[in-house]
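In order, the protein sequences belong to chains A, B, C and D. Residue numbering for the first sequence follows our numbering, beginning at 933 and increasing consecutively. Residue numbering for the second sequence follows our numbering, beginning at 933 and increasing consecutively. Residue numbering for the third sequence follows our numbering, beginning at 933 and increasing consecutively. Residue numbering for the fourth sequence follows our numbering, beginning at 933 and increasing consecutively. Glycine included, C-beta positions come from ideal geometry on N, C-alpha and C. Working notes, beginning with the structure itself.
4 protein chains.
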Amino acid sequence: MTDPVLDHGVVPPVLTPLTPERELDVTSLERLVGFLLDAGVHGLFVTGSSGEAAYLPDDVRYRVLEVTAGVAAGQVPVLAGIIDTSTPRVIQHAYAAKAHGAQALVATAPFYAPTAPPEFPGHFRAIRAAVDLPLIAYDIPVSVHAKLSPDLIAELAADGTLDGLKDSSGDLDALRAVLETAPGFRVFTGSETMADVALFLGAQGLVPGLGNVDPHGYVRLYEAARRGDWVAAGEEQRRLRRLFTLITVGGSRMGRYSSAIGAFKEALVARGILAHGTTSVPMIPLDGTERAAVRARLAEAGLG
Amino acid sequence: MTDPVLDHGVVPPVLTPLTPERELDVTSLERLVGFLLDAGVHGLFVTGSSGEAAYLPDDVRYRVLEVTAGVAAGQVPVLAGIIDTSTPRVIQHAYAAKAHGAQALVATAPFYAPTAPPEFPGHFRAIRAAVDLPLIAYDIPVSVHAKLSPDLIAELAADGTLDGLKDSSGDLDALRAVLETAPGFRVFTGSETMADVALFLGAQGLVPGLGNVDPHGYVRLYEAARRGDWVAAGEEQRRLRRLFTLITVGGSRMGRYSSAIGAFKEALVARGILAHGTTSVPMIPLDGTERAAVRARLAEAGLG
Amino acid sequence: MTDPVLDHGVVPPVLTPLTPERELDVTSLERLVGFLLDAGVHGLFVTGSSGEAAYLPDDVRYRVLEVTAGVAAGQVPVLAGIIDTSTPRVIQHAYAAKAHGAQALVATAPFYAPTAPPEFPGHFRAIRAAVDLPLIAYDIPVSVHAKLSPDLIAELAADGTLDGLKDSSGDLDALRAVLETAPGFRVFTGSETMADVALFLGAQGLVPGLGNVDPHGYVRLYEAARRGDWVAAGEEQRRLRRLFTLITVGGSRMGRYSSAIGAFKEALVARGILAHGTTSVPMIPLDGTERAAVRARLAEAGLG
Amino acid sequence: MTDPVLDHGVVPPVLTPLTPERELDVTSLERLVGFLLDAGVHGLFVTGSSGEAAYLPDDVRYRVLEVTAGVAAGQVPVLAGIIDTSTPRVIQHAYAAKAHGAQALVATAPFYAPTAPPEFPGHFRAIRAAVDLPLIAYDIPVSVHAKLSPDLIAELAADGTLDGLKDSSGDLDALRAVLETAPGFRVFTGSETMADVALFLGAQGLVPGLGNVDPHGYVRLYEAARRGDWVAAGEEQRRLRRLFTLITVGGSRMGRYSSAIGAFKEALVARGILAHGTTSVPMIPLDGTERAAVRARLAEAGLG
């Protein structure tokens, strides 16, 4: 591992606040980052899936990174998602992310262009060779439609290509296999709902989208796990699992992602952090009933 | 339909020649476009899947478009793929593509970010509203992991959002449903191997990747179909089906896409059109045995 | 090929009429078989997917076969589906089907137990070796969750294991590959909606579920195709495609199969062939509105 | 819940020993059941997926059940898989299983015939109504190609249809949701490799195929978990995870199931429990190298 920039902890995938005109709401972003830092998070991950990176033009992505790095001011590391379809395009984001203040990079396998596992090692090695920053593999089959196998991760951990894994696959068996094959390798789970189990299995950290809404909860969960108090960690996890059901408020009239990101943003409006709940085109916005449902769930979770 | 820029015919998805250093090989691209025009193709589609668009940085994409539009010089329309993860990013490509000479735009549904069918109409409408060029929907489930339903296409055809459909889904039943629901709507098939059937069902045109290698064959097939000579069309199709097996030369040691694009490029090297068979990172290059197999298949098809 | 028992033609997958108590309605079955024979069908396929074979206890399956063979009385061949999870169980059905009058057997690849393509040849060879009747492979990925590759079919055609293929995969490209690799091999399509295209590509016959409802239409389509009149075949196909939309009357409150089988049976009640529209447990029955919708579609198709 | 027949513990899915002629090897089965009982298992599950139920004719299935119930002689409950394509066929197995000594029944959702979630409740309710034995839902998406949702399970637990769930889905998040929605409901995990985690989350028992080979290991794991010693449970699990890799000895020349069942049987031959490693047609048998690899893994796990 090239750089112990990020060892462990809660690293929320920071949402990207938008104005009603769908421009970056810098003031809200600064407030959100401050809110997360005050809650004691250990790092910040920008321009990931929860940050609507797939919707943001390049200049907005880099501005998000700059603003976040500016507020973080070195207190915690800032990781940048460099999400694009294949290696040459991803490397361009890597350069830009380094220039705009990223301290580590988070890259998926190629997507859209049909690729295959034999081509994955060359992808990650080329990115790592191009830009001298710690590189974290982002395993997110729901978006990439391929799974990074534990053997691939172990191979790229062993030769120093990867500094870590952000596992959003939901496959805890494979997460465990990575930890067994590459002991000490940094694994962060993207799961909101099985965070305690991932830590129990040896994961070092959490990257929960819901951590934008309730960072204190995830910090408590993480601290309980660190001291081996699995009962307390489980208790906190159960509360967060109930809160997490707010992602379904949009029902079947929209995609689940629209519903989830809309609900997270609405919750942060309710908590006074964001000025607007606006999401990117073509996501369908929550209506009044759905927004009220979000607030009801917040209240049930003691955050009302 | 806003503009009869492209009515029918053979519209190859133009390959992107690269130098051994993986820079755009402009001379080879010019030669390739000239080769296709001489063969009598009716349009040119750049920066699509066969054009390695998912691998090309923005500046390379736009340079490919400029070079192609320059050689075409208005003889045939030039369509540009505007491939990106979601609406705001796609719209940026749409502006750029218009500025660099595109006469029509080809856009997929959103990918990577989990989206859902209720969000697809807003996506295509926002693109069409942003840039005044004919818009063709690109249905390619192997890359996007969603299918554009005939009902969606019919709705967007009826309200003028779409000027056409490039169907790379392989679902001929759905293609037929589109043609029944929206009579006269322009449908182009991306299939190399069922082109005659698609024309039999009423499709207006062909966008075959193999059309880079053997444009004369697809023009003959198309002309036979236009005059209703299905026996001759089927005969030509059978020859092209045999030739198309060259895409498997790479076997299981690489992804099928690496094998296919590598084989197409090698065939064009053999035919004296491209200077190099280089493909993008992280595609695995063909080895000597595989390149020889490509040449053998060319010879069998009478192109050696 | 061991026996030219079934050369070509329209071979409806016969529905299984049930009484309101969900016992076999023998009288209705006899009437249905007579209706099909009067319409000029060339064969009868019992205990297939449309025959609710997956729901029928063994004794009911064999009784259906007996009744059908009795009515057919040698006028046309009777094929029997021998649908079960793997080889030893399928072979037991093969013995029983032969004993109850089947003249050919139709078997899928194994399902439920995870199997893999290397195991498929042994499966079909063991069935063929056990019972001396022509064997037809049944390719139905929607149920089996595996596709029989053209190479597998060609191998089993070449060594005499298979006498034919019933292709319910919807993959016309693969159907064409089978016909190219094994010229003269009997291929029957299970498609209701692309029957004309399958015949155009060289398929010898049709096994359309909708052929229970409108056997005359499929016989006309087939005869038009035999005399090379693709315009007339296409015209008939278009009418049948519109009629086929009756399978969606159940909407989303039930599975599509419940809706389709329920609609076929209701249509045959309306036409005076079946006494009841009852379907097997746990299929959800059509309600009054849905039954009326079936009758409306029949009327639109000129069968009211 | 109708009957506390099975409260908790290790319930191996008993393998079905076959002679070289592929008949039931009763002596080996008796020895295997005795071996499991001696190891302290808490129940026995016959004619499940590991028992090759999908391959066994009905009479063999029922003989397996009889033999097992005879050896168990009431010391532990015997559960019977009633695996078939849909409700009426499953109910026939339910009657037979009760007659042959089953104390609880284990049924999947319908498969092969396309069914849909709205039809699942009727399926399980009809089975439960037909035969008065505790009913356990078997969630095995790899075979059934559908997942039983936590909401469905909770609904059928609440109304007394289900007495338990055998979860072979690998989805620990959903398993947790079931336990949260239906507190106290019996959930058994089918996972060999995440058994400790399932118990940590509140599952009451284990149904591990590998438990045929090393029942003592799973009993130790279970007992450690019962006394809350997660470190010891995890240690045992790690050893069993390494042993479990024996399922891949067949590599890619056969399906994974052939490899796994073949390896389990070979391991039991090596341990002196089974007389033969024979598997059902059309599974591909292990060769000498592969059998030696099984023995090497056994030795590494301290079972050589």
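>> Quick check on DSSP: helix, strand or coil for residue 977/C?
In response: Residue mapping note: residue 977/C aligns to position 45 of the third sequence, counting from 1. DSSP, reduced to helix, strand and coil, places residue 977/C within a strand of the structure shown.
> What is the residue span of the beta strand (DSSP E) that residue 1011/C lies within?
Replying inline: Sequence index remark: in the third sequence, residue 1011/C carries index 79 (1-based). Per DSSP, residue 1011/C belongs to the beta strand (DSSP E) from 1010–1013.
>> When you compare the region 969–981 of chain A with the region 1004–1014 of chain A, are there three or more beta-carbon pairs, one atom per stretch, that lie closer than 8 Å?
In response: A contact between stretches requires three or more CB pairs, one per stretch, nearer than 8 Å, and the region 969–981 of chain A meets this requirement with the region 1004–1014 of chain A.
> What in chain A is Cβ-close to residue 1112/D, meaning under 8 Å?
Replying inline: As a working mapping, residue 1112/D is identified with position 180 in the fourth sequence. Near residue 1112/D (Cβ distances below 8 Å), the residues of chain A are 1170, 1173.
> Can at least three beta-carbon pairs, one atom from the region 1160–1172 of chain C and one from the region 1180–1199 of chain C, be found at a separation below 8 Å?
Replying inline: Contact fails: fewer than three Cβ-Cβ distances are below 8 Å.
> Who are the neighbours of residue 988/D on chain C, taking C-beta pairs under 8 Å?
Replying inline: Numbered from 1 along the fourth sequence, position 56 holds the residue referred to as residue 988/D. Chain-order list of chain C residues neighbouring residue 988/D: 1020, 1021, by C-beta distance under 8 Å.
>> Between residue 1215/D and chain C, is the shortest Cβ-Cβ distance under 8 Å, so that the two count as touching?
In response: Counting from one through the fourth sequence, the residue named residue 1215/D turns up at place 283. So yes, residue 1215/D belongs to the interface.
> Using the beta-carbon of each residue, which ones in chain A are nearer than 8 Å to residue 1123/B?
Replying inline: Position 191 of the second sequence, counted from the first residue, corresponds to residue 1123/B. For residue 1123/B, there are no neighbours in chain A by C-beta distance under 8 Å, as the nearest C-beta there is about 16 Å away.
>> Strictly below 7 Å CB to CB, what residues from chain D border residue 1102/A?
In response: Counted from its first residue, the first sequence places residue 1102/A at position 170. Those within 7 Å of residue 1102/A in chain D are 1105.
>> Rounded to whole angstroms, what is the Cα-Cα separation between residue 1015/C and residue 989/B?
In response: In the third sequence, residue 1015/C corresponds to position 83, counting from 1. In the second sequence, residue 989/B corresponds to position 57, counting from 1. Rounded to the nearest angstrom, the two C-alpha atoms are 53 Å apart.
> In chain order, what residues of the same chain have a beta carbon less than 7 Å from the beta carbon of residue 1229/C, not counting five sequence neighbours either side?
Replying inline: Counting from one through the third sequence, the residue named residue 1229/C turns up at place 297. Correct list, in chain order: 1175, 1177, 1178.
> What residues from chain A crowd round residue 1078/B, counting only those whose CB sits closer than 9 Å?
Replying inline: By 1-based counting over the second sequence, the position of residue 1078/B is 146. Listed along the chain, the chain A residues whose CB falls inside 9 Å of the CB of residue 1078/B amount to none; the nearest CB is some 10 Å away.
> Three or more beta-carbon pairs under 8 Å between the region 1087–1096 of chain B and the region 1092–1111 of chain C, yes or no?
Replying inline: Taking one beta carbon from each stretch, the region 1087–1096 of chain B and the region 1092–1111 of chain C have fewer than 3 pairs nearer than 8 Å; the two do not touch.
>> Counting beta carbon pairs with one atom in the region 983–1001 of chain A and one in the region 1208–1217 of chain A, are three or more of them shorter than 8 Å?
In response: Cβ pair count under 8 Å is three or more, so yes.
>> Can you pull the chain B neighbours of residue 1051/A, defined as C-beta to C-beta under 8 Å?
In response: The sequence position of residue 1051/A within the first sequence is 119, counting from 1. Chain B residues near residue 1051/A: 1186, 1187, 1190, 1214, 1215, 1216.
> Quick one, which of 1115/A, 1130/A, 1124/A has its alpha-carbon nearest residue 1289/A's?
Replying inline: Since the displayed chain A opens at 933 and closes at 1236, residue 1289/A lies outside it and no answer follows.
> Can you tell me whether residue 1168/D is buried or exposed, with buried defined as 16 or more other CB within 10 angstroms of its CB?
Replying inline: Position 236 of the fourth sequence holds residue 1168/D. In summary, residue 1168/D is buried, with 16 or more beta-carbon neighbours lying within 10 Å of its beta-carbon over all protein chains present.
> To the nearest angstrom, how far is it from the Cα of residue 940/A to the Cα of residue 1137/A?
Replying inline: As a position in the first sequence, residue 940/A is number 8, starting the count at 1. As a position in the first sequence, residue 1137/A is number 205, starting the count at 1. In a straight line, the C-alpha of residue 940/A is about 5 Å away from that of residue 1137/A.
> So is residue 1129/C in contact with chain B if we call contact Cβ pairs under 8 Å?
Replying inline: Along the third sequence, one-based indexing puts residue 1129/C at 197. It does: the Cβ of residue 1129/C has a partner Cβ on chain B nearer than 8 Å.
> By how many angstroms is the C-alpha of residue 1131/B removed from the C-alpha of residue 1171/C?
Replying inline: Along the third sequence, one-based indexing puts residue 1171/C at 239. Along the second sequence, one-based indexing puts residue 1131/B at 199. For residue 1171/C and residue 1131/B, the distance between alpha carbons rounds to 20 Å.
>> Tell me the residue span of the beta strand (DSSP E) that contains residue 1107/B.
In response: Counted from its first residue, the second sequence places residue 1107/B at position 175. Here residue 1107/B belongs to no beta strand (DSSP E); instead the alpha helix (DSSP H) covers 1104–1113.
>> Under 8 Å, Cβ to Cβ, is there at least one residue of chain C near residue 1132/B?
In response: For the purposes of this step, residue 1132/B is taken as the residue at position 200 of the second sequence. Cβ-Cβ to chain C under 8 Å: yes for residue 1132/B.
> Could you give the C-beta distance for residue 1039/A and residue 1067/A, rounded to a whole number, given that I count them as a contact under 8 Å?
Replying inline: Sequence index remark: in the first sequence, residue 1039/A carries index 107 (1-based). Sequence index remark: in the first sequence, residue 1067/A carries index 135 (1-based). At roughly 6 Å, the Cβ-Cβ gap stays under 8 Å, so residue 1039/A and residue 1067/A are in contact.
>> Using only the alpha-carbon positions, how far apart do residue 1100/B and residue 1069/C sit?
In response: Counting from 1 along the second sequence, the entry for residue 1100/B is found at position 168. Counting from 1 along the third sequence, the entry for residue 1069/C is found at position 137. Answer to the nearest angstrom: the Cα atoms are 29 Å apart.
>> Rounded to the nearest angstrom, what separates residue 1051/C and residue 1216/B at their Cα positions?
In response: For the purposes of this step, residue 1051/C is identified with residue 119 of the third sequence, where counting begins at 1. For the purposes of this step, residue 1216/B is identified with residue 284 of the second sequence, where counting begins at 1. Taking the straight line from one Cα to the other gives about 31 Å.
> Based on Cα-Cα distance, which residue from 1017/A, 1186/A, 991/A lies nearest to residue 1076/A?
Replying inline: Position 144 of the first sequence, counted from the start, is the residue given in the question as residue 1076/A. The candidate whose alpha carbon is nearest that of residue 1076/A is 1017/A.
>> Tell me which residue opens and which closes the beta strand (DSSP E) that residue 1099/A is part of.
In response: Residue 1099/A sits at position 167 when you count from the first residue of the first sequence. Looking at the DSSP string, the run of the beta strand (DSSP E) that includes residue 1099/A is 1096–1099.
>> Quick check on this structure: which residue in 949/A, 972/A, 954/A, 953/A has the alpha carbon closest to the alpha carbon of residue 963/A?
In response: Within the first sequence, residue 963/A is the residue found at index 31, counting from 1. Checked all of 949/A, 972/A, 954/A, 953/A; the closest Cα to residue 963/A is 949/A.
> Going by C-alpha distance, which of 1027/C, 980/C, 1041/C, 1078/C is nearest residue 1061/C?
Replying inline: For the purposes of this step, residue 1061/C is identified with residue 129 of the third sequence, where counting begins at 1. The residue with the shortest Cα to Cα distance from residue 1061/C is 1027/C.
>> Going by DSSP in three states, residue 1073/C sits in which element: helix, strand or coil?
In response: For this step, residue 1073/C is matched to residue 141 along the third sequence. If DSSP states are grouped into helix, strand and coil, residue 1073/C belongs with the helices.
> Can you tell me where the beta strand (DSSP E) with residue 1038/B in it begins and where it stops?
Replying inline: Within the second sequence, the letter at position 106 stands for residue 1038/B. Note, residue 1038/B: beta strand (DSSP E), 1036–1040.
> Alpha carbon to alpha carbon, what distance is there between residue 998/B and residue 1024/A?
Replying inline: To locate residue 1024/A, count along the first sequence from 1; it is residue 92. To locate residue 998/B, count along the second sequence from 1; it is residue 66. Whole-angstrom Cα-Cα distance: 21 Å.
> Would the beta-carbon of residue 1022/D be found less than 7 Å away from any heavy atom of the ligand NAP?
Replying inline: Only the bare structure without any ligand can be found here, which leaves the ligand NAP out of the picture.
>> Suppose you measure from the CA of residue 1110/D to the CA of residue 1082/D; what does that come to, to the nearest Å?
In response: Indexing the fourth sequence from 1 puts residue 1110/D at position 178. Indexing the fourth sequence from 1 puts residue 1082/D at position 150. Roughly 5 Å between the two C-alpha positions.
>> Quick check on residue 1074/A - is its C-beta less than 8 Å from some C-beta in chain B?
In response: Taking the first residue of the first sequence as position 1, residue 1074/A is located at position 142. Interface annotation, residue 1074/A: in contact with chain B, CB-CB separation under 8 Å.
> In terms of residues, what are the limits of the alpha helix (DSSP H) holding residue 1118/D?
Replying inline: Within the fourth sequence, residue 1118/D is the residue found at index 186, counting from 1. Not the alpha helix (DSSP H): residue 1118/D falls in the beta strand (DSSP E), residues 1118–1121.
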